[in-house]
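Whatever position you read off the sequence shown (first residue = 1), add 102 for this note's numbering. From the three backbone atoms N, C-alpha and C, an ideal C-beta is built for every residue, glycine too. The structure under discussion appears below in the form of structure tokens.
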Amino acid sequence: MRTKTSSGRLPRFVAAIAVLSALSAPRVASAQGAPGGAARRINDVVILRGRQVSGMLGARYERIGAFAVKNGRLDPAPFQIDERDRDGALIYTTYGGGTTGKRRGALGPADEILFLYRDAGEKRGGEPLPAGAVEGAEITVSDPLGGPERRLYLFAFEKTAPRSETDYVTYDPRRDWVTSPYYVLGFPYRKAIQVPSFFALTEAAGGDGRNIYDLYKLRLTLDLKLLGEATWTQDDFSCTPVGYVDGPVRVSRRVKSALRLAGPFHSATIDSDSAYYPYHCEFPSLLQIPFPLSAIARSVTMRITDDLSPEAKGMTWCNERNRSGIAITGKPGGEAALDSGPYRWKLAHGPQGTIMTLTIFDPGMAMIGKKLFYSDDEATPDEPCQFKGQIANSGYTLTSIESMPKGNYTFTVYVFCPVRYVPGGEQAYLDSVLHPLAVSVAVVPAAEAGAASPRP
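Right, here's the structure in full:
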């Protein structure tokens, strides 16, 4: 924490002023669109709860399989079941080999079932059911933008279910490293491990494997009426790794975070959850306002940005208000001409690949100012960081936070990896969040599936 105060120490109540940290991942995912027609939803992840396939509740996980009809065959499809406890909390594997909750080993109503829209198939016709299937559900995925319906079939089996061997995204707990076909990311900057400090786009994504990322940066500044100005950064969080879930469709990662304040004081500890899918990542965040901050502060501002590494030089940066873009050089130039008004998405693209960020703010944050921050100047420090200077350091400056009523406010950052990006294709990614796919479930008659039970 950096302070510039008139006298004295920060009071105890500052310990609850504001916390920024990641929460549980929301239920939407990425997409890729086709201009002039219905969106191509080949990148979307579909998520439903165990209660939506009520006939399978209590079935052992290893006895549940997913299948899709393609080319006249009903074959295993990649899918994942994430176990949640009775309170709905995801159960993580801890780094010591334990778990954050007691596992049941059987499908519960709050559990999540995940699969890619692209892996769903046609409606089943006369294709025979898999041998040993005893219960079934037909999951229909509909596109509100007019794309084709697709279907995935879940079956419970008397014994171990056939499974697809496809694994889209993996996690190495020893290195704290996530790998998908389209990106590789990690957390080598250990002072702030809530968000990645290494991000590279793979050749399959149109990239060249170079790390284009420095840090996700936070600058929280309070101009206190009695004590003057105080600023906190992302390095002022104390972070402890908790656990992970490594599935074929999604990797989830949890870190405990608390904001170090003055002396021995910390904010409340919050679980920081992030999610990593084949084509994108999600970083939900929380801003806690325990009381109207105008009572103690003349102003409260927050700058949230992501700074790129020197390897990002040569890329082009743009956002929805500045679509023509600006070259990333590490030297100041055209920043003054940028429209600094509110925006939803921004991206950087070039031979290194494409990284696109979409931020969705809580409707309750409508009263605060949201202005573009952009600095491309490797000669101007912005400590703390991994690399000196600033390379297309961009994001938001949030102002008038002191005007917000007491409450908890969330906002989510989505980081997409558009494959072989073509300018103009951004809307499909927005649609994946603003117009998510719809899911309905029908029972496959027990007479078709069989009569034995998949439960022990």
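With DSSP collapsed to three states, give me the class of Gly466.
As a first step, residue 466 must be located in the sequence shown, where it is residue number 364. Residue state, collapsed to three classes: helix.
Between Tyr346, Arg265, Ser496, which lies nearest to Gly203 when the distance is taken from Cα to Cα?
The count along the sequence shown starts at 1 and reaches residue 203 at position 101. It is Tyr346.
Assuming Gly190 and Phe257 are in contact, meaning their beta carbons sit under 8 Å apart, how far apart are those beta carbons, in whole angstroms?
For the purposes of this step, residue 190 is taken as the residue at position 88 of the sequence shown. For the purposes of this step, residue 257 is taken as the residue at position 155 of the sequence shown. Gly190 to Phe257, Cβ: 26 Å. No contact.
Using a Cβ-Cβ cutoff of less than 8 Å, which residues in the same chain neighbour Thr418 once the five nearest sequence positions on both sides are dropped?
As a position in the sequence shown, residue 418 is number 316, starting the count at 1. Here the set comprises Gly427, Ile428, Ala429, Ile430, Ala450, His451, Gly452.
Name the two residues that bound the continuous alpha helix (DSSP H) containing Asp274.
Translated into the one-based positions of the sequence shown, residue 274 becomes position 172. Asp274 -> not in any alpha helix (DSSP H); beta strand (DSSP E) instead, spanning 272-274.
If you measure between the beta carbons of Ala222 and Ala170, is that distance less than 8 Å?
In the sequence shown, counting from the first residue as 1, residue 222 sits at position 120. In the sequence shown, counting from the first residue as 1, residue 170 sits at position 68. Yes.
Sort Leu247, Gly455, Pro507, Leu254 by Cα distance to Ile241 and report the nearest one.
Taking the first residue of the sequence shown as 1, we reach residue 241 at position 139. Ranking Leu247, Gly455, Pro507, Leu254 by Cα distance to Ile241 puts Leu254 first.
What is the DSSP secondary structure of Ile398, reduced to helix, strand or coil?
The residue given as residue 398 occupies position 296 in the sequence shown. It is coil, neither helix nor strand.
Contact check, Leu410 vs Ala494 under 8 Å by CB: the rounded distance?
To locate residue 410, count along the sequence shown from 1; it is residue 308. To locate residue 494, count along the sequence shown from 1; it is residue 392. Rounded, the Cβ-Cβ distance is 5 Å, consistent with contact.
Would you call Val90 buried or exposed, if buried means 16 or more other Cβ atoms sit within 10 Å of its Cβ?
The structure shown does not extend to residue 90, since the chain is modelled only from 103 through 558, so no value can be given for it.
What number of angstroms, rounded off, separates the C-alpha of Ser542 from the C-alpha of Val243?
Along the sequence shown, one-based indexing puts residue 542 at 440. Along the sequence shown, one-based indexing puts residue 243 at 141. When rounded, the distance between both Cα atoms is 7 Å.
For Ala307, which residues from the same chain have a beta carbon less than 6 Å from its beta carbon, with the 5 sequence-adjacent residues on both sides left out?
Your numbering for residue 307 matches position 205 in the sequence shown. For Ala307, where only same-chain residues beyond five positions count, the Cβ hits under 6 Å are Tyr284, Gly455, Cys519, Val521.
Can you give me the Cβ contacts of Tyr445 inside the same chain, cut-off strictly under 6 Å, excluding the 5 residues immediately before and after it?
Locating residue 445 in the sequence shown gives position 343, counting from the first residue. Asn421, Glu422, Arg423.
Is it the case that the Cβ atoms of Arg352 and Val271 are separated by a distance below 8 Å?
Numbered from 1 along the sequence shown, position 250 holds the residue referred to as residue 352. Numbered from 1 along the sequence shown, position 169 holds the residue referred to as residue 271. Contact: yes.
Whole angstroms is fine: what's the gap from Lys473's alpha carbon to Met467's?
Position 371 of the sequence shown, counted from the start, is the residue given in the question as residue 473. Position 365 of the sequence shown, counted from the start, is the residue given in the question as residue 467. Inter-residue distance for Lys473 and Met467 is about 13 Å (C-alpha atoms, whole angstroms).
If distances are taken between C-alpha atoms only, which option among Tyr381, Leu328, Lys172, Ser477 comes closest to Leu287?
Here residue 287 refers to the residue found at position 185 when the sequence shown is read from its first residue. With distances taken between Cα atoms, Leu287 lies closest to Tyr381.
Taking the beta carbon of Thr342 as the centre, do at least 16 other beta carbons fall within 10 Å, making it buried, or is it exposed?
Reading the sequence shown from its first residue, position 240 is the one you call residue 342. When all chains shown are included, Thr342 counts as exposed.
Taking one C-beta from the region 153-162 and one from the region 388-397 each time, how about it: are there three or more such pairs within less than 8 Å?
no
Taking Ser496 as part of the beta strand (DSSP E), name the residues at either end of that continuous run.
Here residue 496 corresponds to residue number 394 of the sequence shown, with the count starting at 1. Its beta strand (DSSP E) spans residues 492-501.
Tell me where the alpha helix (DSSP H) around Leu440 begins and ends.
Locating residue 440 in the sequence shown gives position 338, where the first residue counts as 1. First-last for Leu440: undefined, no H or E at that position.
Where do the N-terminal and C-terminal ends of the beta strand (DSSP E) with Val236 fall, by residue?
As a first step, residue 236 must be located in the sequence shown, where it is residue number 134. Here the beta strand (DSSP E) through Val236 covers 235-244.
What is the residue span of the alpha helix (DSSP H) that Val535 lies within?
What you label residue 535 is simply residue 433 of the sequence shown in a count that begins at 1. Start and end: 529-536.
Could you tell me the alpha carbon to alpha carbon distance between Leu122 and Phe513, rounded to whole angstroms?
For the purposes of this step, residue 122 is taken as residue 20 along the sequence shown, with counting starting at 1. For the purposes of this step, residue 513 is taken as residue 411 along the sequence shown, with counting starting at 1. Bear in mind that a pLDDT of 43 at Leu122, under 50, signals an unreliable position, so the number given afterwards is only what the model happens to contain. Near 10 Å, if we compare the C-alpha coordinates of Phe513 and Leu122.
Could you check where the beta strand (DSSP E) with Ile183 kicks off and where it finishes?
To locate residue 183, count along the sequence shown from 1; it is residue 81. Residue range 182-184 is occupied by the beta strand (DSSP E) that includes Ile183.
Rounded to the nearest angstrom, what separates Thr201 and Thr195 at their Cα positions?
What you label residue 201 is simply residue 99 of the sequence shown in a count that begins at 1. What you label residue 195 is simply residue 93 of the sequence shown in a count that begins at 1. Whole-angstrom Cα-Cα distance: 4 Å.
Just to confirm before moving on: does the CB-CB distance between Lys508 and Asp479 stay below 8 Å?
Indexing the sequence shown from 1 puts residue 508 at position 406. Indexing the sequence shown from 1 puts residue 479 at position 377. Contact flag unset, no.
Between Ala133 and Asp533, what straight-line distance do the alpha-carbon atoms span, to the nearest angstrom?
Walking along the sequence shown from the start, residue 133 turns up at place 31. Walking along the sequence shown from the start, residue 533 turns up at place 431. Bear in mind that the predicted position of Ala133 carries a pLDDT of just 37, short of 50, making it too unreliable to give a figure here.
Among the candidates Pro298, Thr371, Ile406, Asp213, whose CA atom is the shortest distance from the CA of Arg151?
Looking up residue 151 in the sequence shown gives position 49. Comparing Cα-Cα distances from Arg151 to each of Pro298, Thr371, Ile406, Asp213, the minimum goes to Asp213.
Take Gly443 and list the residues in its own chain whose beta-carbon comes closer than 6 Å to its own, dropping the five residues that flank it on each side.
On the sequence shown, residue 443 is found 341 positions in, with the first residue counted as 1. Taken in chain order, the residues that qualify are Arg423.
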